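Some notes on the structure that comes next.
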Amino acid sequence: MIDFNKRAFCHFTLKDILRIISSVAIPIALAIYTAIGSQQQKQQAEKKQKFDFEQSRELRQQTLYDEFLNNIYKLDKDGYLNDTKNPWAFANAYYRAAHRQWDTIRKADVLQFLKEKQLIGRNNCTGGCRTTKLDDIIRLNELNFDNVQLASQTGVLNQLNLQCVSFDQVSMSNAIFSFASLNGVSFDGGRLDKVKFDGSSLACASFNGVNLSGADFGDSDLAGAHFSNSDLSGAKITEDQINQASFENVIMPNAKKSESRSSTTIKKPITQTTTMIKTKMSTTTSPIPTSSTTTTITTTTITTTSLLSSTTTTTSSSTETTSSLSTEATSSSTEAAAASWTTISTAACNSTFLNQTIYSVGSKPYSVAVADVNSDNKLDIVTTNSGSGTVSVLLNKDNGSLSSPTSYSVDTDPRLVAVADVNNDNKPDIVTANFGSNTISVLLNIGNGTFSPQITYSVDMEPHSVAIYDVNNDNKSDIITANFGSNTISVLLNIGNGTFSPQVTYSVDQGPSSVAVADVNSDNKPDIVVANYKANTTSVLLNTGNGTFSPQVTYSVGLLPYAVVVANVNNDDKIDFVTVNDENNTVSVLLNIGNGTFSPQVTHSVGTNPRSIAVADVNSDDKPDIITANFGSNTISILLKTADGTFSPQTTCAVGSQPHSVAVADVNNDSKPDIIVANHGQTTQLPNYSCSENNVSIQFTLSSLSHSASNPTSNCFVQQCNANLTNNNNDDCRSSSTPCFDYRTINNISYCAPGILCSILETCDNITQTCSSNNSICVINSCCSPQAVCLPFLATFMCKTGWFSTPNITDAREYHTASVLSNGKVLITGGSSIGRDLNSAELYDPSTGTWTTTNNMTNIRFSHTASVLSNEKVLVTGSAGITGYLNSAELYDSLTSTWTTTGNMNNARQYHTASILSNGKVLVAGGFYFNALNTAELYDPSTGSWTTTGSMNNSRIFHTASVLSNGNVLVTGGYNTDAINSAELYDPSTGIWTTTGNMNSARHRHTASVLSNGKVLVTGGMNGSSNALYSVELYDPLTGIWTTTRNMTVAQYWHTASVLSNGKVLITGGNGDGVTYNSVELYDPSTGTWTTTTNMNNLRSSHTAFVLSNGKVLVTAGQNNNAAIHTAELY
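So the sequence shown is numbered by full-length UniProt numbering: it starts at 1 and just counts up by one.
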């Protein structure tokens, strides 16, 4: 059979076939052409959108760069950069503030600019490596330059000149140096893992204490470079390069430690200097005026005690931090340490204690000082031991626990110790006053908390006390002693490299026992204050210039003053002084009444025979309190500053036997002040804790040996919580008014809670060890019964005060939004993460403390807004996304957890504000779209549409908008080529903006909070010179006038402000002067005052903070050191 289709095809002519092909081909071609054209248009659109987005990012970087250049120009124009005294504080503040927001490309550009303008690395290394006295202006210390690429534009060596720049303590992981001149550069203390040096010159470069694992030195020149105490494991370095350089205590690429070897290239050594912003610090003194010496060796200890507040400490001798050179290492002996535990609280030291730890040191410790001697950002402890003629150094291992002491010999009968950098090498050194040998001992820090053998200098008879201070304003620390036996003070000026001129003496009253240094007459020259033990007076010697002093002026104090401390005790910006008086058991407070003169003393009672004093804010009320060590009663006394400017009656706390010296500092980095006491014996006094169970009292006896609680009747034993205990939720267990105990699960997970009545607890399932409620956990070590019981999670919160962690959010992010929904949950949207921007969203449930992801937004967004509408949906608007600036908006439905798009805004924008009006509409104002905007528009939830409304009088970004009680919207400050101080009001009934009173300070990136009294509180921000602001002001809607109120403690921007249920305003985190803060403070509208409170657990800025329905404040994410973080915590 013949196939019909094939037969029919066979009868087609060629013309028919061509006609068919033509009729089919043309539409196919057109379709192909159309598809290609559509694809090209799409690609072009995407390319344009990507270009616009990159342009917006570039513009943001360029704005930062221009602001920085403008700031440097102003400094130069005003002559600050030519000031040889201290121009660097300004330049460093500007640079560090901008550095955190620059990308790696911009950082490379800026470094080249800084070097060309001689703002870094001003040392001239031409003609070989040589020492220079010129200092860098801008410090790069501790900044992050990870992934930065520093390359010569031409590929010619030395074209990129970075020679003699100090990159000390800088993180430069994965950095690339291509054809760069790095001669004489210092990388000391830096992180350079996987760094690549390609064709660069590193002649005489210094690598001390550097992580160089995996580094690649390519074909770079290492002639004269010096490597010490560094890690070169896995590094690529040739044998020729090794022969060029010198190595000391270095882990080599083969993982073996180097033998000390010098380079075969002979070059003169180069000295790198790093400019430090000088800060006055303090140590505490405790002179004991007696010339007798006993050979009886007793148990000698120091005691560290934690307090529940933050502090700024001023104690009885001064220390300053400078910079200079290191010296050779020396051997030392190690003394054994023993420790036991007690606890302490400022509220009632005799009933509740926290972490009192006793450490053995040398014989007869007389004084104690606190300083970070090994540069690990943890405070260490130094004591003088008069019985053994030594100083003991106890390094801080972690969380305030101390190493066994290392002892160093000094001269006979050392009485007082001071710690400061005397040779300008950025490492604190030790100076002691040696009562028995009429000398001082100087022990230079040679690195890692070890010290060289003493160098002694003669002073007058029986020196009791020593202070370190730059008294002649030459940026070198000088030494001042109080000489008990000769009724003089000695001044030894620093002549460089930690050496001192012969003493110059000044007469004072009889028996000078303690010396302190401060500028008491506000002439920018430090003066000397001396406590005269035998004369019952204090001498004030004013600085007449160049480190010389006028004759003494004396003031009467109590009987036998042992120690003196200088501090501003009444917050009037004038330095007062306080003495402890051994004979009549008092402290004397003498207020500065101007020009270095003082009011008559006011006395307050303390313990028996007070021998030492410190001044610090121990209860976080921003007022200085007094702490004394009472030799005769084995106690310390705490006198809290009251609201009326006086001091409350003492609270006493038992410490070790015969306390000689006291210091206050945060030794465990928990932002709470700790007390350190030097004493002879060991006394441990601990309270008992009892609770009532069915009208039967159960006694829990605290044991110093086991640091535990037990019920002797039931033979039950429960460990008392360490204040730093971390449970499975990463929550710190903090002491409350009653001791808290460490309850453990079968898996040995810790939960911190107080003693609880057994009758209210259900028992756990015997087999599964679980509880029927998801809000409880089964614990096996309770005193209720042999059966495991269910501990309510709610109980664990009873032992937590201040801040505690809650689970992390899924995505690290900053510039995101947070919204409290009607169901109490918190919705987090968008933001910037590490290397990417986000469209993700997640929900926090306060009832469970957990995060869950929800559906993503349609668009990637950061620096956008989110508003909770009256219909319970959340409106998200604007931002810069992956496609550039956005005018889109979308809605989140909390009932369905879905996003839907809604009408687009008329203008694309980011950094704008969104305010919910009383009529339910949303007002969006200002923002950025290639320039600052003044436009405003309204969203109507009932129609999903936008309409334009009146424009603001000023274009602005980084501003705030607040809905007032009368329904109007107040917009404040912002930025448009410069910071703005103007404010204006939007009237929803007319759609018109009207100007109102200007703020006293121009500011942007600030906060604005509507108080319960209707006023608006504006805090902090950044001014036109890119300086962070302390200032705070109030707007009164009734008068339209701004008034200043008290400044915050910390200058900051990109912080948050939350109005609490008690009406106070909580300020958290932020940036300022190139650093990120975890600080927290509270504003009380009823008094107009600020008080600091417990710091957050994490440094953060560009975060969110919202008050939950339970009154707690949830803080989420943000950035720390240029990197987005994902932690969250509750206040």
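Note that CB positions come from ideal geometry on N, CA and C, so glycine has one too.
Keep in mind it's a predicted model, so treat the numbers as computed, not measured.
V110 carries a helical assignment under DSSP once its states are collapsed to helix, strand and coil. In summary, Q510 is exposed, with fewer than 16 beta-carbon neighbours lying within 10 Å of its beta-carbon over all protein chains present.
The residues D478, L493, N546, G547, in chain order, have a CB closer than 7 Å to that of N472 in the same chain once the five nearest residues on each side in sequence are set aside. Counting only the Cα atoms, S612 lies some 25 Å from S403. The beta carbon of T1076 is closer than 8 Å to those of R100, G1069, G1070, L1099, R1100, S1101, Q1119, N1120, N1121 in its chain, skipping five residues each way along the sequence. Annotation for N1095: S310, S671, N1078, S1079, V1080 place their beta carbon closer than 7 Å to its own, counting only its chain and skipping 5 residues before and after. Proximity to N1013 across N174, A614, Y1035, M1022 peaks at Y1035, based on C-alpha coordinates. When C-alpha distances from A1124 are compared across R836, T1049, S847, the shortest belongs to R836. Assignment of Y95 by DSSP, reduced to helix, strand and coil, places it in the helix class. DSSP places D621 outside any beta strand (DSSP E), giving it a letter other than H or E.
In the structure shown, D742 falls within a strand segment according to DSSP collapsed to helix, strand and coil.
For a cut-off of 8 Å, the C-beta gap from A563 to A531 is around 6 Å, short enough to register as a contact. Taken through DSSP and simplified to helix, strand or coil, Q241 comes out as helix. For S1109, the closest of V874, E872, A235, S822 by C-alpha to C-alpha distance is S822.
Beta-bridge partners assigned by DSSP to V566: F577. Relative to the Cα of M952, the nearest Cα in the group L923, D146, T943 belongs to L923.
For S915, same chain residues with a beta-carbon under 6 Å away, outside a window of 5 residues either side, are L923, A961, V963, V969 in chain order. Annotation: M857 to A866 spans about 12 Å, alpha carbon to alpha carbon. Beta-bridge pairing by DSSP links L202 to no other residue. A buried status is given to F741, since no fewer than 16 other beta-carbon atoms sit within 10 Å of its beta-carbon. Take V170, set aside five residues on each side of it, and the residues of its chain with a beta-carbon closer than 8 Å to its own are L140, N141, E142, L143, N144, F145, F187, G190, R191, in chain order. Between I495 and the set I636, V165, N475, the nearest pair of CA atoms involves N475.
Between the region 547-559 and the region 614-628 there are fewer than three inter-stretch CB-CB distances shorter than 8 Å, so the stretches are not counted as touching.
Contact between the region 942-949 and the region 892-906 is established, with three or more Cβ pairs separated by less than 8 Å. Taking 3 residues as the shortest admissible run, the region 387-442 contains the following complete beta strand (DSSP E) segments, listed from N- to C-terminal end: 390-394, 396-398, 406-409, 414-420, 429-434. The residue from G645, D470, K1064, S637 with its alpha-carbon nearest to that of P659 is S637.
Assigned with DSSP and collapsed to three states, T608 falls in coil, not helix or strand. S228 and H912 have their C-alpha atoms spaced approximately 52 Å apart. For K257, the three-state secondary structure derived from DSSP is strand. The three-state reading of DSSP puts T770 in coil, since its state is none of H, G, I, E or B.
Measuring C-alpha to C-alpha distances from K825 to each of A841, S832, R813 identifies A841 as the nearest. Between G878 and the set S870, L891, E872, L869, the nearest pair of CA atoms involves L891. Distance check between S1086 and each of G1072, T1045, T1116 places T1045 closest, using alpha-carbon atoms only.
The Cβ atoms of T1049 and W1090 sit closer than 8 Å to each other.
In terms of CA proximity to G121, S166 leads the group K641, S166, P807. If you draw a 10 Å sphere on the C-beta of K397, you find fewer than 16 other C-beta atoms in it, and that means exposed.
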